[in-house]
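*Asks:*
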Amino acid sequence: MSSDKPPTTGEADCKWRIELHGRVQGIGYRPELARLAVSLNLSGSVANTPAGILIEIAGDIVAAEEFVSRCAQVCPAEGVVEGRLVEPSSVDISPGFRIIDGPRSGPLSTPVPLDRVVCSECLHEFRCASDRRFAYPLISCTRCGPRYSILSSMPYERHKTAMNDYPLCNRCQGEYQSPSDRRYHAQVICCHDCGPQVVGLYAAIAALHANQVIALKGLGGYQFLTRANSSIAIAQLRRIKQRPAKPFAIMVEDLEQAALFGQLDEVAIDQLTNWAGPIVIVPQRPNGRLPTEELNPGLRSIGLMLPTTALHAFLVQNVGPLVVTSANIEGDPLIYQETDWPSELKQFVPTIVTHDRPICRPLDDSVVRVMAGQAATIRAARGVAPMSLNLGALAHGKQVLAVGGEQKVAVAICNGQQAVLGPHLGDMNSATTRQYFSEQVPQLMQLYGCRPTVIVHDAHPDFFTTRWAQQFARDEGIPAIRIQHHVAHAASSLIDPSWLQDDTAIVTWDGSGLGEDGTIWGGEGFLYRRSEYRRVCRLKPFLLPGGEAAIRQPWRVAAGMLHSLRRSDASFAFEIPQPQPLELVLAARIHCPTSSSMGRLFDAAAVLIMGDLLPGWTVDYEGQFAALLEAHADGSDNIAYQLPLHVTRTEKDNRRSDCSDVALSMEWNWESLVRQIVIDRIQGVASPVMAMRFHRALAVAIATFAQATGLNRLSLSGGVFQNQLLVELLVAQLHDMPIQLARPGNVPVNDGGLAAGQLVAALQHLRQG
38 MSSDKPPTTG EADCKWRIEL HGRVQGIGYR PELARLAVSL NLSGSVANTP AGILIEIAGD
98 IVAAEEFVSR CAQVCPAEGV VEGRLVEPSS VDISPGFRII DGPRSGPLST PVPLDRVVCS
158 ECLHEFRCAS DRRFAYPLIS CTRCGPRYSI LSSMPYERHK TAMNDYPLCN RCQGEYQSPS
218 DRRYHAQVIC CHDCGPQVVG LYAAIAALHA NQVIALKGLG GYQFLTRANS SIAIAQLRRI
278 KQRPAKPFAI MVEDLEQAAL FGQLDEVAID QLTNWAGPIV IVPQRPNGRL PTEELNPGLR
338 SIGLMLPTTA LHAFLVQNVG PLVVTSANIE GDPLIYQETD WPSELKQFVP TIVTHDRPIC
398 RPLDDSVVRV MAGQAATIRA ARGVAPMSLN LGALAHGKQV LAVGGEQKVA VAICNGQQAV
458 LGPHLGDMNS ATTRQYFSEQ VPQLMQLYGC RPTVIVHDAH PDFFTTRWAQ QFARDEGIPA
518 IRIQHHVAHA ASSLIDPSWL QDDTAIVTWD GSGLGEDGTI WGGEGFLYRR SEYRRVCRLK
578 PFLLPGGEAA IRQPWRVAAG MLHSLRRSDA SFAFEIPQPQ PLELVLAARI HCPTSSSMGR
638 LFDAAAVLIM GDLLPGWTVD YEGQFAALLE AHADGSDNIA YQLPLHVTRT EKDNRRSDCS
698 DVALSMEWNW ESLVRQIVID RIQGVASPVM AMRFHRALAV AIATFAQATG LNRLSLSGGV
758 FQNQLLVELL VAQLHDMPIQ LARPGNVPVN DGGLAAGQLV AALQHLRQG
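Per the numbering used here, residue 38 is the first one in the sequence shown, and the count goes up by one each step.
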């Protein structure tokens with residue numbers, strides 16, 4: 038007998054077995070359940086298991102019924118009880134109630150506990166001179182501290198973490214065993230006497246005051262820190278990281294200080310203060326309190342975060358706002374072990390604050406951006422990943438690994454019981470990052486007990502992840518499934534709104550992905566029906582002179598578009614300055630692949646609109662010119678350029694008013710848009726006004742596509758939709774239309790969410806046979 042209701046026996050006493058499923062481990066839930074059982078005079082035990090939490094209770098049936106009715110109510114706010122099973126128990130139950138270790142066998146179906154930033158109670162104790170943990174930088178409790186980053190295996194118990202190396206002192210042992218104590222069964226409990234020790238703290242404070250860059254061992258790896266109000270310090274950090282222009286995030290002491298630098302709404306405040314502690318990108322407050330041209334050149338947004346540990350809080354309190362970023366050379370993986378430090382970095386950063394608590398699973402800071410009143414994940418890492426993916430029955434019984442693309446790589450796995458998107462691993466451009474990928478992916482599979490029978494990869498044959506997946510498939514004797522880049526994006530956009538069963542129009546706009554026709558896609562519209570993804574729309578293709586060089590040098594894209602316009606219209610004579618002539622290359626189409634990339638259209642528009650305002654001929658980081666164009670836009674202008682949608686139907690289709698069951702071809706024509714930009718530039722229209730008109734054109738174009746499909750659901754994916762202005766203009770454009778929009782949410786719209794979409798598309802393929 039099993040159900041989610043207590044079994045009725047008609048007897049005064051009972052023995053029940055209760056299973057709780059969901060995010061229930063590593064949040065202090067077992068202590069709360071134990072306290073509840075004791076208060077009701079029930080005997081039994083509570084344990085973590087691979088499936089969640091297992092409770093055995095015995096006692097008065099009225100008390101047992103109250104326990105069952107209240108067990109979800111005492112779940113800490115950070116947890117979620119997704120299911121409950123109650124059935125009679127056959128085990129012998131001794132008097133008293135205990136927290137015990139549970140069974141270790143069986144597939145892992147419960148979410149892995151995630152790292153949590155320091156809580157307010159621990160910070161209070163850290164700052165209280167009379168508390169025995171006063172000034173202990175690694176203070177933690179049942180509600181905060183490391184979890185995933187120190188975990189060796191599940192279920193979550195102290196002896197399965199890096200804290201197993203630190204036996205409890207008598208006082209910590211007493212707190213650990215006391216139901217009335219806040220640290221009752223806190224697996225990370227420790228103190229000055231028995232816990233890991235921090236070294237180098239006061240030397241670091243002196244170095245920071247001297248405008249130097251220091252390194253610090255955080256929750257998930259080493260970080261670089263320096264003063265946020267010092268142009269000299271920030272310039273030094275940029276030289277060390279080899280990061281000339283990409284924006285930095287700022288760690289502040291509290292919300293009051295955060296409000297000095299950023300404009301905070303309720304969503305931003307909720308994100309800043311939640312237990313994941315992400316970097317939150319918000320509109321910058323133009324008050325001159327920080328050297329913004331050094332921190333985030335050309336942007337109007339700023340990344341803010343609160344202290345993640347008491348150690349961070351101590352530094353911010355004693356030094357002021359700090360730039361905090363991963364300790365690595367740009368493009369290399371996060372350093373998380375002392376033995377990993379390159380000699381050149383140690384030379385430039387001699388001051389290191391470290392401790393002897395091992396990091397088992399490295400984690401970067403998560404990043405979110407508030408768009409249209411909703412938080413959108415930009416990078417899924419500490420406190421956010423591994424991210425549970427709600428795929429329903431699609432995930433049951435299948436063991437699959439999806440490896441993502443080439444940039445912002447995170448892998449996704451399904452172990453037959455649950456599906457997850459793993460933490461951000463980085464770009465596969467360097468040998469060190471590829472080695473990092475090769476180490477971390479097997480560890481993630483081992484943690485979840487995943488033995489893939491299928492592996493999924495991108496369609497691009499030269500991606501490192503593609504070659505790795507194909508070799509893995511050969512080694513394991515399993516099939517490899519190839520999922521086209523934008524199909525994976527499209528699939529990923531259906532996860533958050535739970536639209537896997539619903540007909541949906543999908544727009545996937547990004548920088549590039551190898552298309553099924555061998556060209557470079559990136560401005561695509563899909564129809565999703567009955568688990569099939571049909572590409573029905575694209576941005577009109579254009580030439581990329583120099584191929585990949587056009588990604589690094591966006592002036593090439595603009596020059597190619599202008600060349601095409603001149604060839605089709607002899608009266609069109611506008612040109613832009615070029616570091617090198619491209620006319621012969623374009624005329625002969627020498628190394629000029631074809632692309633439909635919306636990301637490249639953004640680049641070209643930035644060059645045509647902003648011109649000399651852009652920082653040189655070459656981008657310093659992915660999406661830089663698009664970000665600058667967004668920041669440049671003047672919101673007071675209400676005019677939109679035209680990005681017309683051309684629709685082609687066969688004669689027999691003309692009677693149809695929608696495209697639900699017919700062959701349909703649609704194309705956004707960039708030529709009209711670029712002509713309008715050129716005309717405005719010649720006529721001297723202010724560039725911020727032009728930038729806004731460009732963004733409005735894209736919002737109208739998306740809405741027009743959604744209407745043309747005849748569907749009432751629209752989802753978005755691809756790195757272009759990290760653009761807050763575009764998303765908010767689209768929300769406004771759809772306001773009076775009967776179209777439901779799935780805005781960017783938990784699964785990253787950039788390539789960080791690609792593996793999640795690969796996993797969905799592959800599972801759908803397997804289900805169809």
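Beta carbons: idealized from backbone N, C-alpha and C, even for Gly. On a predicted model such as this, the values are computed, not experimentally measured, just so you know.
To test your reading of the DSSP string, which unbroken beta strand (DSSP E) runs of 3 or more residues are found completely within the region 614 to 651?
*Replies:* As far as the region 614 to 651 is concerned, it has no whole beta strand (DSSP E) run of at least 3 residues.
*Asks:* Tell me whether PRO591 is buried or exposed, calling it buried when 16 or more other Cβ atoms sit within 10 Å of its Cβ.
*Replies:* With 16 or more other Cβ atoms within 10 Å, it is buried.
*Asks:* Within a Cβ cutoff of 7 Å, which residues of the same chain sit near PRO578, ignoring the five residues on either side of it in sequence?
*Replies:* Answer for PRO578: THR556, THR631, SER632 and SER633, listed in chain order.
*Asks:* Could you tell me which uninterrupted beta strand (DSSP E) segments, each at least 3 residues in length, are contained entirely in the region 237 to 303, listed from first to last along the chain?
*Replies:* Segments of the beta strand (DSSP E) lying fully in the region 237 to 303: 251 to 254, 259 to 264 and 286 to 288.
*Asks:* Please classify ALA798: is it buried, with 16 or more other beta-carbons within 10 angstroms of its beta-carbon, or exposed?
*Replies:* Flag for ALA798 reads buried.
*Asks:* Contact check, LEU481 vs ILE532 under 8 Å by CB: the rounded distance?
*Replies:* Not quite, the Cβ-Cβ distance comes to about 19 Å (not below 8 Å), so this is no contact.
*Asks:* Pull up the distance between the alpha-carbon of ASP377 and that of PRO370, whole angstroms please.
*Replies:* Near 10 Å, if we compare the C-alpha coordinates of PRO370 and ASP377.
*Asks:* Quick one: any contact between the region 349 to 361 and the region 284 to 299, if contact means 3 or more CB pairs under 8 Å?
*Replies:* Touching, per the Cβ criterion.
*Asks:* On the DSSP letters alone, give me the boundaries of the beta strand (DSSP E) that TRP378 sits inside.
*Replies:* Per DSSP, TRP378 belongs to no beta strand (DSSP E) and is neither H nor E.
*Asks:* Under 8 Å between the Cβ atoms of THR388 and GLN249?
*Replies:* Yes, they are a contact pair.
*Asks:* Tell me the DSSP secondary structure of HIS196 in three-state form.
*Replies:* Three-state DSSP puts HIS196 in a helix.
*Asks:* Thinking HIS461 and ALA439 are a contact (beta carbons under 8 Å), I'd like their distance in whole angstroms, please.
*Replies:* That belief does not hold up - the Cβ atoms of HIS461 and ALA439 are roughly 15 Å apart, past 8 Å.
*Asks:* Hey, quick one: how far does the beta strand (DSSP E) through ARG572 stretch, first residue to last?
*Replies:* ARG572 -> beta strand (DSSP E) spans 569 to 576.
*Asks:* Can you confirm whether the region 756 to 773 touches the region 781 to 797 when touching is taken to mean that 3 or more C-beta pairs between the two stretches lie within less than 8 Å?
*Replies:* Yes, the region 781 to 797 touches the region 756 to 773.
*Asks:* Compute the Euclidean distance between the alpha carbons of ARG593 and ALA496, then round it to the nearest angstrom.
*Replies:* Each residue's alpha carbon lies about 26 Å from the other.
*Asks:* If ASN452 and LEU145 are in contact, beta carbons under 8 Å, what's the gap, nearest whole angstrom?
*Replies:* With 8 Å as the limit, ASN452 and LEU145 qualify as a contact, their Cβ atoms being about 6 Å apart.
*Asks:* Using CA atoms only, rank isn't needed, just tell me which of LEU348, ALA240, GLY237 and TYR203 is closest to GLN224.
*Replies:* Comparing Cα-Cα distances from GLN224 to each of LEU348, ALA240, GLY237 and TYR203, the minimum goes to TYR203.
*Asks:* Measure how close the beta-carbons of LEU253 and VAL390 come, nearest whole angstrom, since I'm counting them as under 8 Å.
*Replies:* Right, their Cβ atoms sit about 4 Å apart.
*Asks:* Give the range of the beta strand (DSSP E) segment to which PRO320 is assigned.
*Replies:* Where PRO320 is concerned, the enclosing beta strand (DSSP E) stretches over 316 to 320.
*Asks:* Any heavy atom of the ligand PLP closer than 7 Å to the CB of GLY597?
*Replies:* The ligand PLP is not part of this structure, which contains no ligands at all.
*Asks:* Could you tell me the boundaries of the alpha helix (DSSP H) in which CYS209 lies?
*Replies:* Segment 207 to 214, the alpha helix (DSSP H) holding CYS209.
*Asks:* May I ask you to list the residues that DSSP assigns as paired with PRO150?
*Replies:* None, per the DSSP bridge assignment.
*Asks:* Give me whichever residues DSSP pairs with GLY232 in a beta bridge.
*Replies:* GLY232 pairs with nothing; no bridge assigned.
*Asks:* Hey, which unbroken runs of the beta strand (DSSP E) at 3 residues or more fall wholly within the region 360 to 438?
*Replies:* Listed in chain order, they are 389 to 392, 404 to 408, 411 to 416 and 424 to 426.
*Asks:* Helix, strand or coil for PRO479, going by three-state DSSP, please let me know.
*Replies:* Three-state DSSP puts PRO479 in a helix.
*Asks:* Suppose you measure from the CA of SER605 to the CA of ASP657; what does that come to, to the nearest Å?
*Replies:* Cα to Cα, the separation comes out at about 33 Å.
*Asks:* Measuring alpha carbon to alpha carbon, tell me which residue in LEU800, GLY648, ILE366 and LEU343 is nearest VAL360.
*Replies:* Ranking LEU800, GLY648, ILE366 and LEU343 by Cα distance to VAL360 puts LEU343 first.
*Asks:* Quick check: the Cα distance between GLY721 and PHE639, rounded to an integer number of angstroms?
*Replies:* Distance between the alpha carbons of GLY721 and PHE639 is about 20 Å.
*Asks:* Quick one: what's PHE134 bridged to in DSSP?
*Replies:* According to DSSP, which records beta bridges pairwise, PHE134 is partnered with GLY81.
*Asks:* Using alpha carbons as the reference points, say which of CYS165, GLN713, GLU659 and ASN706 lies closest to PHE742.
*Replies:* Ranking the options by Cα distance to PHE742, first place goes to ASN706.
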